[in-house]
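Participant: Questions regarding the structure given below will be posed in turn.
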Amino acid sequence: MQEIIRKSLLYRTAVEYGDYTINHVSGCGHGCTYPCYAFMMAKRFGKVKAYDEWCKPKIVGNALDLLDRELPRLKHRIRYVHLCFSTDPFMRGYDEVTRLSLEIIARLNANGIRVTTLTKGLYPAALSDKGFLRNNEYGITLVSLAETHREKYEPYAASCMERIERLKALHDAGLRTWVSIEPYPTPNIIGQDLTQLLAEIDFVDRIVFGRLNYSKEVGLYGDSAGFYNRCAMEVRQFCRDHGIEAYIKRKTAAQK
């Protein structure tokens, strides 16, 4: 796997539910074909030229050295660190990324810093080992249960049910888990039952729900605002009924 060298690693994020974050890979091998904000920003700022380049991820070769250098200065400011907002920490098919992610989590935890993660890949069983903090939070992105949708829009990511099964294993080991239902597609993209999706993840501690942005297809759906309002209401009610924390992303629906 090709490596790149960076000058810094830990940074504050402007993402609404973030604190500090680490993106120790450039690009993502999952090859998502819906409008990906991370890819759009990388292209806008000249980090990649095209989709094909984005889908050939490069690992940050000096990530651990940077972390060891930056932690003493920053650790007292950090509430938690998120992996990752512009790549995937457990990228399917890239064992080098998984190994580096585990080492980063271990070093952050050794300094008393909890970690949140989000992936479309598969979580390794090693995360349930006693060497990791028990208040880390492990999440998956899940916008559909339909493999036909996943194959079209997330072609190289792990299957939907595999993601759920690995997340459930961490839950059963006593760890905190969550699901990001974002970017959730409108019915003209795929007709599906949100109730069925929610039923598969009724074991998690938190659900984040967000609309699909930057998509012409959403604009072609006649009542996208009403659709996302109804979906947000259903997510809130489901979470209330099951004792799950609900977080509705800004500009997804009217907040209540």
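If you want this note's numbering, it's the 1-based position in the sequence shown plus 31. Even for Gly, the Cβ is constructed at its ideal location relative to N, Cα and C. Please read these numbers as outputs of a predicted model, since none were measured by experiment.
1) Extract the residue ranges of the alpha helix (DSSP H) inside the region 207-262, only unbroken runs of 4 or more that lie entirely within it.
2) Within 10 angstroms of its Cβ, does Gly152 collect 16 or more other Cβ (buried), or is it exposed?
3) Could you give the first and the last residue of the continuous alpha helix (DSSP H) run that contains Leu102?
4) Leaving out five residues on either side along the sequence, give the residues of the same chain with a beta carbon under 8 angstroms from the beta carbon of Ser132.
5) Have a look at Cys89 and Gly58 and give me their C-alpha separation to the nearest angstrom.
6) Please state the DSSP three-state secondary structure of Arg194.
7) Under the three-state reduction of DSSP, which class applies to Glu84: helix, strand or coil?
8) Express the C-alpha separation of Asp50 and Arg43 in angstroms, rounding to a whole number.
9) Let's test the definition: count the other Cβ atoms within 10 Å of the Cβ of Phe29 and tell me whether it reaches 16, buried, or not, exposed.
10) Let's test the definition: count the other Cβ atoms within 10 Å of the Cβ of Arg261 and tell me whether it reaches 16, buried, or not, exposed.
11) Just how far apart, CA to CA, sit Phe116 and Thr129?
12) CB-CB under 8 angstroms to Ala137, same chain, minus the five flanking residues each way: which ones, in chain order?
13) Using the beta-carbon count (16 or more within 10 Å), is Ser211 buried or exposed?
14) Could you give the first and the last residue of the continuous alpha helix (DSSP H) run that contains Tyr68?
15) Just curious, the alpha helix (DSSP H) that Lys161 is in, first and last residue?
16) Would you decide whether Leu198 is buried or exposed? Buried here means 16 or more other CB atoms lie within 10 Å of its CB.
17) Over what stretch of residues does the beta strand (DSSP E) that includes Thr129 continue unbroken?
18) One question on the structure: do Pro214 and Tyr48 come within less than 9 angstroms of each other, judged by their Cβ atoms?
19) Can you tell me whether Ile171 is buried or exposed? The criterion is at least 16 other CB atoms within 10 Å of its CB, across all chains shown.
20) Apart from the five residues on each side of it in sequence, which residues of its chain come closer than 8 angstroms, Cβ to Cβ, to Asn140?
21) Could you give the first and the last residue of the continuous alpha helix (DSSP H) run that contains Lys183?
22) Pull up the distance between the alpha-carbon of Gly92 and that of Lys80, whole angstroms please.
Facilitator: The structure says:
1) Those alpha helix (DSSP H) runs which fall completely within the region 207-262 and span 4+ residues are 225-231 and 247-251.
2) In the sequence shown, residue 152 corresponds to position 121, counting from 1. Classification for Gly152: buried.
3) Start at 1 with the first residue of the sequence shown, and residue 102 comes out as number 71. Where Leu102 is concerned, the enclosing alpha helix (DSSP H) stretches over Ala94 to Leu105.
4) Working through the sequence shown from its first residue, we reach residue 132 at position 101. For Ser132, where only same-chain residues beyond five positions count, the Cβ hits under 8 angstroms are His55, Leu114, Pro120, Phe121 and Thr148.
5) Within the sequence shown, numbered from 1, the residue matching residue 89 stands at position 58. Within the sequence shown, numbered from 1, the residue matching residue 58 stands at position 27. Before going further, note that residue 89 is Lys rather than Cys in the sequence given. Cα-Cα distance, rounded: 7 angstroms.
6) If you number the sequence shown from 1, residue 194 lands on position 163. Helix at Arg194.
7) The residue you call residue 84 lines up with position 53 of the sequence shown. Residue state, collapsed to three classes: helix.
8) On the sequence shown, residue 43 is found 12 positions in, with the first residue counted as 1. On the sequence shown, residue 50 is found 19 positions in, with the first residue counted as 1. About 6 angstroms.
9) The structure shown has nothing for residue 29, since the chain only spans 32 to 287.
10) Start at 1 with the first residue of the sequence shown, and residue 261 comes out as number 230. That one is exposed.
11) Here the question's residue 116 lines up with position 85 in the sequence shown. Here the question's residue 129 lines up with position 98 in the sequence shown. Looking at the two C-alpha atoms, the distance is approximately 16 angstroms.
12) Reading the sequence shown from its first residue, position 106 is the one you call residue 137. Excluding sequence neighbours, Ala137 sits near Gly162 and Phe163.
13) Position 180 of the sequence shown holds residue 211. With 16 or more Cβ atoms within 10 Å of its Cβ, Ser211 is classed as buried.
14) Sequence index remark: in the sequence shown, residue 68 carries index 37 (1-based). Segment Tyr68 to Arg75, the alpha helix (DSSP H) holding Tyr68.
15) Here residue 161 corresponds to residue number 130 of the sequence shown, with the count starting at 1. Careful: Lys161 lies outside any alpha helix (DSSP H) and carries neither H nor E.
16) On the sequence shown, position 167 is the one that residue 198 refers to. Buried, by the Cβ-count rule.
17) Along the sequence shown, one-based indexing puts residue 129 at 98. That residue, Thr129, is in no beta strand (DSSP E); its alpha helix (DSSP H) goes Asp126 to Ala141.
18) If you number the sequence shown from 1, residue 214 lands on position 183. If you number the sequence shown from 1, residue 48 lands on position 17. Between Pro214 and Tyr48, the C-beta spacing is not below 9 angstroms.
19) Start at 1 with the first residue of the sequence shown, and residue 171 comes out as number 140. It counts as buried.
20) Numbered from its first residue, the sequence shown carries residue 140 at position 109. Val146, Gly162, Phe163, Leu164 and Asn167.
21) Your numbering for residue 183 matches position 152 in the sequence shown. Note, Lys183: alpha helix (DSSP H), Glu178 to Tyr184.
22) Here residue 92 refers to the residue found at position 61 when the sequence shown is read from its first residue. Here residue 80 refers to the residue found at position 49 when the sequence shown is read from its first residue. Their Cα atoms are separated by approximately 21 angstroms.
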